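**Q** Structure incoming, see below.
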Amino acid sequence: MLNIHNLSVSFGGTYLFEEVTFRLGAGDRVGLVGKNGAGKSTMLKILSRDMQPDTGSIATEKEVRIGFLRQDIDFVQGRTVLEEAYQAFEEIKQAEFKIEEINHQLATRTDYESAGYSELIEQLSDVTHHYEILGGYNYVGNTERVLLGLGFKREDFDNQTDTFSGGWRMRIELAKLLLQSNDILLLDEPTNHLDIESIIWLESFLKTFPGVVMIISHDKMFLDNVTNRTIEISLGKIYDYNKPYSQYLVLRNEIREKQLATQKNQQKKIEETEKLIEKFRAKASKASMAQSLIKKLDKVERIEVDEDDNSVMSISFPVSVTPGRVVVEAEHVTKKYDHKTILKDISLLVERGSKIAFVGQNGQGKSTFVKAILNEFEYEGTIKLGHNVQVGYFAQNQAEYLDGEKTLLDTMTDAATDTNRSKVRDMLGAFLFRGDDVEKKVKVLSGGERNRLALCKLLLQPFNVLIMDEPTNHLDIKSKNVLKAALQQFEGTLLLVSHDRDFLQGMANIVYEFKDQKIREYLGDINFFLEQRNLQNMREVEKKDVVVKETPKENKTLSYEDQKKNKSLQNKLSKIESQIQQLENEIQKDDKALAENYEKLMQDASFFAAYEKKKKDLDQLLEDWETVQMELEG
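Under numbering that gives the first Met the number 0, the first residue of the sequence shown is numbered 0, with each subsequent residue one higher.
This is the structure:
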């Protein structure tokens with residue numbers, strides 16, 4: 000369907016990729032992976048004919064239709080969501096207009112017996128038949144199905160597109176692409192602005208798509224669920240295997256290890272041959288043998304080991320000053336937009352050192368609550384920041400705030416303070432912007448590179464509370480892992496909004512679920528939250544058809560006072576459980592000692608007194624545990 004031969008692209012004398020060759024056929028669902036700046040988006044632009052390569056050719060079958068989801072999109076103002084989505088059906092709309100035009104002529108003419116009238120009827124029949132073949136009677140239903148699948152509600156359909164955020168406009172563009180009759184889909188990070196439910200729907204759609212799909216994504220789970228082939232761009236070359244991403248990583252590592260072993264054996268033989276050559280060269284009688292060995296050595300095809308780009312950014316988030324015990328105190332927070340209530344009567348307490356995750360569907364108020372903490376708009380209720388609290392904030396669209404006309408160096412220098420301005424180049428280097436890279440303009444950076452720059456810029460300001468809203472958007476998988484490790488080492492307070500279960504694991508000790516204008520607190524990590532919801536993975540957390548059986552009391556949002564009492568009871572319960580565990584271990588040791596030295600210990604009155612006391616203490620602790628547990632459940 001698509002043949003790519005000897006494709007090369009270079010910028011400033013450096014090759015993104017050189018003489019790359021591969022073929023895409025029907026049924027291929029390819030994950031295009033690689034580090035930020037490796038050339039993934041450039042590859043899609045070339046395949047879509049948005050830009051030309053330096054050398055090489057692309058051959059396609061006749062009448063192959065290619066759909067390309069770009070990262071940057073423009074909309075015509077004044078259209079509703081439905082009107083914009085209907086732009087996918089240009090040919091159908093033209094046929095629809097023609098039918099209306101003919102019907103109007105038939106309704107206004109009275110020469111029913113004329114040849115012209117008969118021709119109009121025949122023309123109407125032909126156009127109507129063509130309209131039916133194009134799917135004219137189904138496109139309205141299909142459009143609604145796709146828009147609903149991507150998270151829109153029916154009441155959104157008649158709203159103007161310019162009233163939606165960039166993420167929601169991206170969904171409209173994706174809907175248009177999926178509604179077109181394309182043979183090849185090129186998708187550049189399609190999951191970045193989708194919540195879990197919409198990602199699941201998109202996975203299902205792409206799995207049944209009969210043509211070719213090539214996807215750039217840094218969502219490992221999405222790649223594993225959708226793709227059947229992986230192409231990695233690394234250091235100017237491509238590595239192409241018919242495996243989903245996780246299986247590809249294992250396979251490529253195995254191949255590389257075999258290459259290393261084979262190369263080592265070959266090198267050993269080459270060194271032995273070189274020693275013989277040096278030895279024979281010294282003797283006239285062996286000179287011809289030395290020449291034969293040299294010729295033989297020249298013919299040896301040296302084994303090359305696949306290069307691996309292991310360069311990663313270096314991040315650490317230092318705490319500025321130690322704040323007070325209470326970092327954020329929110330009471331009865333309500334936020335409305337016009338007549339729509341986003342948050343209603345929200346109260347919570349954030350203590351110093353907490354690691355908190357906000358989860359829930361898009362539009363449930365996670366980012367709204369974060370912005371309320373930052374006092375970006377007016378709301379009902381109160382939010383107080385504690386003593387010495389300094390907030391560092393990474394917004395979901397942080398990269399959009401960067402000035403595209405500035406260089407990287409200017410961006411950092413302008414944001415720096417007198418104390419850290421001299422360190423700007425070193426900081427950029429730690430984020431993999433080295434040498435002449437710092438003189439690039441921001442507008443030429445890829446989405447992931449912009450995110451890296453925004454993270455680097457964040458470190459210029461002092462903070463002890465870090466609020467991050469979807470920080471992994473556009474970051475490649477290696478960078479995502481580095482960011483996760485840095486956040487795990489962060490000694491301050493962390494509030495994290497994310498849909499990425501892999502990223503959230505091991506990050507939070509408290510989870511707040513945002514749903515139906517309320518929040519619910521889970522005192523544990525993301526795995527504890529999933530267990531409590533009786534779900535198998537993060538993707539099912541946000542499915543609307545999941546019903547969790549709860550008592551009315553449990554379903555109710557806790558008041559601020561109840562939250563404090565709840566935490567106290569949880570701490571008490573944990574302490575009792577720890578004591579029970581310790582006593583059970585001690586009693587188990589005593590039981591073992593009795594089994595081994597019964598006669599000797601029978602004569603030791605103090606041993607039996609202590610043994611019986613431990614048992615009584617254990618019984619009392621079990622009763623205490625039941626009392627606290629019942630109080631907690633009540």
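Yeah, the Cβ is synthetic: ideal placement off N, Cα and C, and Gly gets one too. Computed from a predicted structure; not experimentally measured.
#1: Please work out which residues of its chain come closer than 7 Å, Cβ to Cβ, to L392, disregarding the five sequence neighbours upstream and downstream, and give them in chain order.
#2: From what residue to what residue does the alpha helix (DSSP H) around A356 run?
#3: How should D157 be labelled, buried or exposed, when 16 other C-beta atoms within 10 angstroms of its C-beta is the threshold for buried?
#4: Report the rounded CA-to-CA distance for E625 versus N565, giving the unit in angstroms.
#5: Kindly indicate which residue of R28, M0, K365 has the alpha-carbon position closest to the one of K61.
#6: Do F376 and I518 have their C-beta atoms closer together than 9 Å?
#7: Per DSSP, Y238 is paired with what?
#8: Just the C-alpha distance for K236 and Q628, rounded to the nearest angstrom, thanks.
#9: Measuring alpha carbon to alpha carbon, tell me which residue in D223, S445, N241, V211 is nearest I662.
#10: Specify, as a first and last residue, the run of the beta strand (DSSP E) that G66 falls within.
#11: Go ahead and pull the three-state DSSP assignment for R108.
#12: Might you give, ordered along the chain, the residues of its own chain that have their beta carbon closer than 6 Å to the beta carbon of V349, omitting 5 neighbours on each side?
#13: Tell me, please, whether the region 185 to 203 touches the region 98 to 108 by the rule of three or more beta-carbon pairs shorter than 8 Å.
#14: Please state the DSSP three-state secondary structure of V212.
#15: Between which two residues does the alpha helix (DSSP H) carrying I195 extend?
#16: Count the C-beta pairs between the region 465 to 481 and the region 211 to 226 that are closer than 8 Å, then say yes if the count reaches three, no if not.
#17: Quick check: the Cα distance between T109 and Y116, rounded to an integer number of angstroms?
#18: Output the boundary residues of the alpha helix (DSSP H) element that contains E121.
#19: Does M467 come out as helix, strand or coil in the three-state DSSP assignment?
#20: Under three-state DSSP, which class holds A58?
#21: Which residues mark the beginning and the end of the alpha helix (DSSP H) in which Y244 is found?
#22: Provide the residue(s) that pair with K440 in DSSP beta bridges, ordered along the chain.
#23: Check whether the region 142 to 156 touches the region 5 to 22, counting contact only when three or more Cβ pairs, one atom from each stretch, lie closer than 8 Å.
#24: With DSSP as the reference, please indicate the residues paired to L185 in a beta bridge.
#25: For V327, which beta-bridge partners are listed by DSSP?
#26: Using a Cβ distance threshold of 8 Å, determine whether the region 84 to 95 contacts the region 22 to 35, with at least three qualifying pairs required.
#27: Could you tell me which of Y85, L81, N2, D27 sits nearest to I641, measuring between CA atoms?
#28: When you compare only the Cα positions, how much space is there between R48 and R78?
#29: How long is the line joining the alpha carbons of N396 and T20, rounded to whole angstroms?
#30: Do T272 and L296 have their C-beta atoms closer together than 9 Å?
#31: If we call anything under 9 Å between Cβ atoms a contact, is L178 one with F88?
#32: Alpha carbon to alpha carbon, how far is K612 from E330? Give it in angstroms, no decimals.
#33: Going by the beta-carbon positions, is the gap between F432 and R451 smaller than 9 Å?
#34: On a CA-only basis, which of R22, S445, E118 is nearest S40? Give me that one, please.
#35: Tell me whether N181 is buried or exposed, calling it buried when 16 or more other Cβ atoms sit within 10 Å of its Cβ.
#36: In this structure, how does DSSP classify F647 when only helix, strand and coil are distinguished?
**A** So, from the data block:
#1: One-based indexing of the sequence shown puts residue 392 at position 393. Leu is not the amino acid found at residue 392; the sequence shown has Tyr there. So the qualifying residues of the chain are L373, I466.
#2: Taking the sequence shown and counting its residues from 1, the one referred to as residue 356 is at position 357. No alpha helix (DSSP H) contains A356, which is instead part of the beta strand (DSSP E) from 354 to 358.
#3: Taking the sequence shown and counting its residues from 1, the one referred to as residue 157 is at position 158. Flag for D157 reads exposed.
#4: Start at 1 with the first residue of the sequence shown, and residue 625 comes out as number 626. Start at 1 with the first residue of the sequence shown, and residue 565 comes out as number 566. Taking the straight line from one Cα to the other gives about 15 Å.
#5: As a first step, residue 61 is located in the sequence shown; it is residue number 62 there, counting from the start. Looking at the Cα atoms, M0 is the closest of the given residues.
#6: Position 377 of the sequence shown holds residue 376. Position 519 of the sequence shown holds residue 518. The answer is no: Cβ separation not under 9 Å.
#7: Counting from 1 along the sequence shown, the entry for residue 238 is found at position 239. E231.
#8: Translated into positions along the sequence shown, residue 236 becomes position 237. Translated into positions along the sequence shown, residue 628 becomes position 629. Roughly 60 Å separates the two Cα atoms.
#9: Lying outside 0 to 633, the shown extent of the chain, residue 662 is not represented and no answer is given.
#10: Numbered from 1 along the sequence shown, position 67 holds the residue referred to as residue 66. Its beta strand (DSSP E) spans residues 65 to 68.
#11: Locating residue 108 in the sequence shown gives position 109, counting from the first residue. Here R108 sits in coil by DSSP.
#12: Within the sequence shown, the letter at position 350 stands for residue 349. Excluding positions up to five away in sequence, the list reads V326, V327.
#13: no
#14: In the sequence shown, counting from the first residue as 1, residue 212 sits at position 213. Reduced to three states, the DSSP call for V212 is strand.
#15: Counting from 1 along the sequence shown, the entry for residue 195 is found at position 196. 195 to 206 is the extent of the alpha helix (DSSP H) around I195.
#16: yes
#17: In the sequence shown, residue 109 corresponds to position 110, counting from 1. In the sequence shown, residue 116 corresponds to position 117, counting from 1. One C-alpha to the other measures close to 9 Å.
#18: Your numbering for residue 121 matches position 122 in the sequence shown. From DSSP, the alpha helix (DSSP H) with E121 extends over 114 to 132.
#19: Locating residue 467 in the sequence shown gives position 468, counting from the first residue. Strand at M467.
#20: Along the sequence shown, read from residue 1 onward, the residue named residue 58 stands at position 59. DSSP places A58 in strand when its eight states are reduced to three.
#21: For this step, residue 244 is matched to residue 245 along the sequence shown. Run containing Y244: 244 to 280, per the alpha helix (DSSP H) assignment.
#22: The residue given as residue 440 occupies position 441 in the sequence shown. Its beta-bridge partners are T406.
#23: no
#24: In the sequence shown, the residue the question calls residue 185 occupies position 186. According to DSSP, L185 bridges with F67, M213.
#25: Residue mapping note: residue 327 aligns to position 328 of the sequence shown, counting from 1. DSSP lists V349, L384 as partners of V327.
#26: no
#27: Here the chain comprises residues numbered 0 to 633, so residue 641 is not present and cannot be evaluated.
#28: In the sequence shown, counting from the first residue as 1, residue 48 sits at position 49. In the sequence shown, counting from the first residue as 1, residue 78 sits at position 79. Approximately 27 Å between the Cα atoms of the pair.
#29: Mapped onto the sequence shown, residue 396 falls at position 397. Mapped onto the sequence shown, residue 20 falls at position 21. Approximately 36 Å, taken between the alpha carbons.
#30: In the sequence shown, residue 272 corresponds to position 273, counting from 1. In the sequence shown, residue 296 corresponds to position 297, counting from 1. Result yes, Cβ atoms of T272 and L296 sit closer than 9 Å.
#31: As a working note, residue 178 is residue 179 in the sequence shown. As a working note, residue 88 is residue 89 in the sequence shown. Yes, Cβ-Cβ distance for L178 and F88 is below 9 Å.
#32: In the sequence shown, counting from the first residue as 1, residue 330 sits at position 331. In the sequence shown, counting from the first residue as 1, residue 612 sits at position 613. Distance between the alpha carbons of E330 and K612: 47 Å.
#33: Stepping through the sequence shown from its first residue, residue 432 is reached at position 433. Stepping through the sequence shown from its first residue, residue 451 is reached at position 452. Going by C-beta atoms, F432 is nearer than 9 Å to R451.
#34: Within the sequence shown, the letter at position 41 stands for residue 40. Ranking the options by Cα distance to S40, first place goes to S445.
#35: Along the sequence shown, one-based indexing puts residue 181 at 182. By the C-beta density criterion, N181 is buried, having at least 16 other C-beta atoms within 10 angstroms.
#36: Not covered by the structure: residue 647. The range shown for the chain is 0 to 633.
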